[in-house]
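Protein chains in written order, with my numbering: chain A, 2 to 500; chain B, 114 to 197; chain C, 585 to 705; chain D, 38 to 187; chain E, 20 to 511.
Each residue gets a CB set at the ideal place from its N, CA and C atoms; glycine is no exception.
Here the structure is a predicted model, which is why all the values come from computation and not from measurement.
Notes to accompany the following structure.
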Amino acid sequence: MGEATAITIILFVIFFPIVMTPILMSASGRSEKLRNILALLTSAITFIMVLTLYPFVVRGDIIQHTFFEILPNLEISIRLDVLSFSLTALASFIWFLCAIYSLDYMAEEHGGSRYYPVLIFTLGSCLGIFLAGDFFTLFVFFELMSLISYILVVHEETEEALKAGYKYLVMTIIGGLALFFGIIITFELGGTVSLGVGTIINEGSLLALLAFICFLIGFGMKAGMFPLHVWLPDAHPVAPSPASALLSGVMLKTGAYGLFRVIFNAFSIEVMQTSNWDIILGVLAVITILLGSAVALTQNDIKRRLAYSSVGQMGYVLLGLSILNENAITGTMFHIFSHAFMKSCLFLAAGAIIWKTGKRAISDLGGIGREMPFTMGCFSIAALAMIGIPPLNGFLSKWTLGLGALDANATIYVLVLLISSLLNALYYLPIIVPAFFEIVGEDHHGHALQFDVQDATPKMLASMVILAICTIIFGLSPINIPFDLSQMTSDFLLRGGLF
Amino acid sequence: MMTGVLTEILNGLLLLFLVVCAIAVAQIRDMLSAVIVFASFGLIMAIVWQQLSSPDVAMVEAALGTGVTTLLLIAAISKTRRTE
Amino acid sequence: MLIKIAHNYYYMVAILLFIIGMHTMLTHSNLIKKVIAMNIMDTAVFLLFVAVGYTYGGAAPIVTAPANEVLYVNPLPGSLMLTGIVVAVSITAYALSLIVKIYRFYGTVDYDEICLIRSQE
Amino acid sequence: MGTLENQIVRITSRLVAPFIQVYGIYVIIHGHLSPGGGFSGGAIFGASLVLVALSFNLEVGAKQISHDTASILESGGALGFVITGLVAIALGANFLANQSAGFPMGQTGQLFSAGAIFIITFFLGIKVASTIVTLFYNIIEGEDKSGDAH
Amino acid sequence: MGLTNHFPALILAILLGISFLSPILFRWVRKASAPALLLSLFLALVMAVYLLIQTTQVGEFSYYMGGWPPPWGIELKINLIRAYMLIVVLAVSLWIMVYALKDLEHELKTDVLGWYYTLYALVVASMAGMALTNDLFNLFVLMEICAISACAIISIKEDRACLEASFKYLILSAMGTGCFLLGVAMVYMVTGHMNYDLVNEYLPVAVEQYPNNMFAASALFIVAFGTKAALFPLHVWLPDAHASAPSPSSAMLSGLVIKIYAFGLFIVFYQIFPRSLLDSIPLNEIILWLSSMGIMFGSIFAMVQVDLKKMLAYSSIGQIGYVFLGIGLDDTIAMTGGFYHLLVHAIMKSMLFMCAGVIIYTTGIRQIKQLGGIGQVLPITMIAFTIGSASMIGIPGTGGLISKWYLALGALEIGRPIFVVIILASSLLNAIYYMPIIVNAFMQQEEFAYEVKAVPRQMLIPLIIGMIAIVFLGVFSRPVIVLLENGLQLFF
């Protein structure tokens, strides 16, 4: 495959969903069915097109292409390397599954004519983030995605949703501005913000530290890093469930991706380590992990618990980024994959349960496993993966991360991982166990519990089951494409295959 | 020589008068009186300009600055009220 | 110092008038008084300008016969001040017409009273 | 017109007004020869019109020159100024050029001399005189016309 | 000599001509007066574009009024920056006028329309003159004309708030011009010239001989332009004046009139004053801190407003601060940003005022809290409002980002990151007061509670043009930036 073809495909992948958005909008006026099918097709085609880039990436080639300069040295450009590809593939895959799930889920919700175009547009801008060739382009798509996904957050239009949405919006704008500041400083210090030049800033001056902190605020905001995570537990639960799955499963990862780029492209591992910035990140990561898991314990709303769990899980990603050795990077990358599978599955399952029963409180969900065995089965598998039960993928990511921590002689991080796993178990098992083993009859208030419900529809189940299977086969099975990609990525990033 | 000194004294007096008029305009509470004092201020100013060898400015000041402005001020006062 | 001041007494008076005018304009609440003060302020600046152009012993810049060598006063500031005066008059006129209209709405030309009326509504 | 309304003022102003007007016109057309010109002459002329209106009443004033006429004259005067400037361009010189545009200069010291300055002063006089009348009407009538001052 | 040589004067002549012609036209051929105004604005714009092209080819050139060279006559000068200002003024005013034709029918009584056109053309003419002139006294006269006609287009509506605001503006502006003239007198005293270039030539000597004189002059200039352009502590007149005026006037005043004075200050600082003066007195520091305070306080005041137009007016105080920041930073990059912001803000603030005008026209609402759900009934208007606000905040893809980028880069260039923080903090504040309006407009569940008239197409088209322009400026900013960078090189 030639480079020109690859560039065409990349452009297609970014702009096809964006172009489809107005078509979807006009289609929804005609027929809802047409619109839904078009949305599904768009995400499917995007996913397939992303996959066609695979051979190109496996060969180890990099594409860096500039389209035009907005300002001198400040261009709109695209870049494809194994890091971008991994996340692009992951995002389009999850999006495709969520689109399938939405078909039934949104059929009974209002505002589908707004939901689908926004969903597809967000896909385009999200892929734009991953395929951006410089920080400015990345910033543009980042802002675009953040602002547009606001509509997904407030989709329900309840008082609560609007409030959460407002918080989300303000935090997003703060993050965007911090990012902007960081990019300006980077540009000032290095004269460029392109990802294609390797290290932009070579020494840890005060201004560079300021830039790093700004990036940390900007991307950390999106990734739900500790002091900036406040919007996340509000915003994720109020969105429609497929959107929550995307917010938690994919969009959080854009922040992590940004930090990857900051650490490896704007700065370098040497700068990070000589200036001790990795310790800042490490401390924040530890706090994020413990805090997220601990607060999740106290939540009774199932989606809020999942959202807090996301905060904790993103802490793993940050942890790996602060350790900065081969195993840790592999683990981080793989955790991005596995968390996407697990958390999307959990949100979709939780969505199905809420959709069928209308109950959100965990204490009301005893016995649901018998009424909705497949849904709850998927939920259980994903939750067990979350805890880190061996054959599942969550185990592998934690294991690799732990190895990385040991390589860096940071035993304390291993301890943190173990404590967090324990906490995970503590808040997931109380959902799973009563769901299957509590005798249906009455709840603790003495009211009769009547879940007279069927299991979720086939389309919804399909996407959940696929995700659950993913968590199983991408665990310890010999064919593990995400793990291979993670290893390639860490190899690529650490062996200086950047240019 | 004597005329030169006298002219200087006259100029000084005129300027003093200007300052006095300006302060008086600020202090007088009857608007119509203030306007009249202002008109005399303008006329003195015209003379000062004549002394400074700028006859055309003096003329315009006398016609516009003093005449028309005063007319307009009086018209405005007659439409509103007289005391401050 | 005093000699310097005495030497430049036109300038000093002009500045003094400017300050009196500005002070009156900003401290008095009567709108018509403000307008008069504005005129005083402008006139003070014109005085300064004309004084700048004045040459001791110079004649008025009127050419009566061609090519006689007389020391003339610089005519430029004077002619510019003509424009200045006209501008000042037009601002005065416009301000006064505004005052008359304001009076029709509020029944007063005192800014403090206007504020009082507005705050009571 | 409560403040000025008495017989002596009326008679005096009626008597004086024509003389002021003649003087105003004199100042306007001798603008290029002696002190004065469009601004001062126009102001003098306009002031005489205002004087009559102020000492009698608005009807008498309006008989001399009405508000509408004044505002049209005002625009016309300014327009004349601009057109004179444009004529210079049409004659091949810069905007508002005088001698270089070929306006007849005449003899220094004569009434009809100084080319375009004479014409411009004339238009300026019309403009200023009518403007002053308009301004006065604006204040005194308080119609819904805005204060348009140049 | 072809006609093209006279374009600098012809622009002014056409604008002045139409301004004097339109009351006559309005009386006799009523239908022709509006098209005549549009046509002449358009002609002037074409000439301005021609001047720009000419100046890129031959560099700076002058036009002597009446054929008299500088020490005697008035000189009009054209260089890249001036041509840029000229085009901004003419293009934006033409665009606003297209909108105004419909809006004014609603806001004004019919018989004053002719006068409105006169005043509008006068404002434009005086601004074009200020951009072109190379003579201090001429600048003074144009400033006065601009002040009076700007006051008049506020007070033409003749309700109480307008009259009062207009009077306040008039008095403060008279104070401003008084200070300016005194400053000019100070300069004239020591140099004996009014022409910018000649003053600049003689000033370095004069500064050494009469330093106090020049200190006073520079202080007076700052007060004068600060008052006129609503620099922070001198902004008191602006909110009332811009909020109570008819919407096209607000758009004009907020969009252009305050900018031209910022340009005036730029000219005084960098063309007239010698560098030695700027180095000996920390004038730039004063401008920097005043503008920073303006940026912050303007936004903070805007947050507490309940009236939509008043909020937009307070926001202008903050936004003009960016332009002054660019001027004060004394760095080509930052100044490029400042001038770029001048253009961007002219378009976006005018557009926001137009949106407010459409809202008032169709529903009669002025309060922010009544706007919930209006996005459903006035979609295009509110989308325009959204894009304008996005540009105010500095969302990528809009022009606001580019100007902030350059300002921030310039601030870093001279080692003052504190101003970057101020710029970003104010962006955040902007977000805080613009976002709720947009969110409520589109996301409110209940139906819009007020009666809505249909929006005339003539009002929508300018809005659409504005949206396109803002996005265009956000994406294809290169030509303008290059033009500004080349133009600013003359001053350094």
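Just how far apart, CA to CA, sit residue i and residue j?
| i | j | result |
| --- | --- | --- |
| residue 79 of chain A | residue 17 of chain A | 15 Å |
| residue 425 of chain A | residue 388 of chain A | 5 Å |
| residue 180 of chain D | residue 189 of chain E | Its pLDDT being 47, under 50, residue 180 of chain D is placed unreliably by the model, and the measurement read from it follows with that caveat. Taking the straight line from one Cα to the other gives about 20 Å. |
| residue 182 of chain D | residue 42 of chain E | Per-residue confidence for residue 182 of chain D stands at a pLDDT of 41, beneath the threshold of 50, marking its modelled position as unreliable; the derived number appears in the next sentence. Near 12 Å, if we compare the C-alpha coordinates of residue 42 of chain E and residue 182 of chain D. |
| residue 37 of chain A | residue 183 of chain A | 40 Å |
| residue 186 of chain D | residue 168 of chain D | Confidence at residue 186 of chain D is low in this model, with a pLDDT of 39, below 50, so the placement of that residue should be treated as unreliable; the coordinate-derived value is given next. Whole-angstrom Cα-Cα distance: 7 Å. |
| residue 460 of chain E | residue 286 of chain A | 39 Å |
| residue 308 of chain E | residue 347 of chain E | 9 Å |
| residue 391 of chain E | residue 456 of chain E | 8 Å |
| residue 127 of chain E | residue 703 of chain C | 27 Å |
| residue 391 of chain A | residue 478 of chain A | 11 Å |
| residue 414 of chain E | residue 171 of chain A | 13 Å |
| residue 245 of chain E | residue 500 of chain E | 26 Å |
| residue 291 of chain A | residue 284 of chain A | 11 Å |
| residue 689 of chain C | residue 185 of chain B | 20 Å |
| residue 340 of chain A | residue 399 of chain E | 41 Å |
| residue 127 of chain B | residue 235 of chain E | 27 Å |
Can you tell me whether residue i is helix, strand or coil according to DSSP?
| i | result |
| --- | --- |
| residue 388 of chain E | helix |
| residue 79 of chain A | strand |
| residue 457 of chain A | coil |
| residue 408 of chain E | helix |
| residue 277 of chain A | coil |
| residue 83 of chain E | strand |
| residue 72 of chain A | strand |
| residue 204 of chain A | coil |
| residue 167 of chain B | coil |
| residue 183 of chain D | Note that residue 183 of chain D scores a pLDDT of 41, beneath 50, so its modelled location is shaky and nothing firm can be said. |
| residue 333 of chain A | helix |
| residue 222 of chain E | helix |
| residue 617 of chain C | helix |
| residue 33 of chain A | helix |
| residue 685 of chain C | helix |
| residue 111 of chain A | coil |
| residue 97 of chain E | strand |
Are the CB atoms of residue j and residue i within a distance shorter than 9 Å?
| i | j | result |
| --- | --- | --- |
| residue 143 of chain B | residue 74 of chain D | no |
| residue 324 of chain A | residue 431 of chain E | no |
| residue 110 of chain D | residue 163 of chain D | yes |
| residue 490 of chain A | residue 331 of chain A | yes |
| residue 168 of chain A | residue 231 of chain A | yes |
| residue 103 of chain A | residue 205 of chain A | no |
Hey, residue i and residue j are a contact pair by Cβ (cut 8 Å); roughly how many whole angstroms apart?
| i | j | result |
| --- | --- | --- |
| residue 113 of chain E | residue 64 of chain E | 6 Å |
| residue 366 of chain E | residue 488 of chain E | 5 Å |
| residue 229 of chain A | residue 222 of chain A | 4 Å |
Residues, ordered as in the chain, of the stretch 156-180 of chain D that lie near chain B by beta-carbon distance below 9 Å: 165, 169, 172, 173, 176, 177, 179
Got a sec: which bits of the stretch 76-105 of chain D sit with their beta carbon under 7 Å from any beta carbon on chain C, in order along the chain? 76
The stretch 154-178 of chain B: positions lying closer than 7 Å to chain D by Cβ: 168, 169, 172, 173, 176, 177
Taking Cβ-Cβ distances below 9 Å as the criterion, which residues of the stretch 26-60 of chain E are in contact with chain D? 27, 28, 29, 31, 32, 33, 35, 36, 38, 39, 40, 41, 42, 43, 46
Please list the residues of the stretch 338-368 of chain E that have a C-beta atom closer than 8 Å to any C-beta atom in chain A, keeping them in chain order. none
At a Cβ cut of 9 Å, what residues of the stretch 437-468 of chain E count as close to chain C, listed as they run along the chain? none
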